[in-house]
Amino acid sequence: MPKPYPLRIVLKVLLNKGFLFVSQNGSHTKYRCHHNPQLTVIVPLHGKEVRYGTFRSILRQAKSYLSSWLKSSQSKGQPPRLYQTPHLNW
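For what it's worth, my numbering labels the leading residue of the sequence shown as 85, then goes sequentially.
This is the structure:
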């Protein structure tokens, strides 16, 4: 069984790729894409880790934007960068 992903990594990926925090309802947060306001992703805050299947679901929700980001980074000949950590203190 795959290991769960740390929640902070999932949030860093979304924030660094143009998703902005919109609201929180209980233990679920809503992030909206800065470039496409109709693209919304719901992230559960049930602990410090996100299960593999939940992480895949989040990526599926953000697929249209992230897939275009992956294509653009590959066309530039650079490996895709998932997140940058120097300026974020978690």
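The beta carbon of each residue, even a glycine, is placed where N, CA and C say it ideally should be.
- In the displayed model, S111 falls within coil according to three-state DSSP, outside both helix and strand.
- The shortest CA-to-CA distance from N109 to any of C117, V97, Q122 and I126 is the one to I126.
- G102 and V134 have their alpha carbons spaced roughly 20 angstroms apart.
- Counting along the chain, the unbroken alpha helix (DSSP H) around Q145 starts and ends at Y136 to Q145.
- For P88, there is no enclosing beta strand (DSSP E), as DSSP gives it neither H nor E.
- Using a Cβ distance threshold of 7 angstroms, Y136 and P90 do not count as a contacting pair.
- By the Cβ neighbour-count rule, F139 is buried, with 16 or more other Cβ atoms within 10 Å of its own.
- When C-alpha distances from K147 are compared across H130, F105, Q122 and V106, the shortest belongs to Q122.
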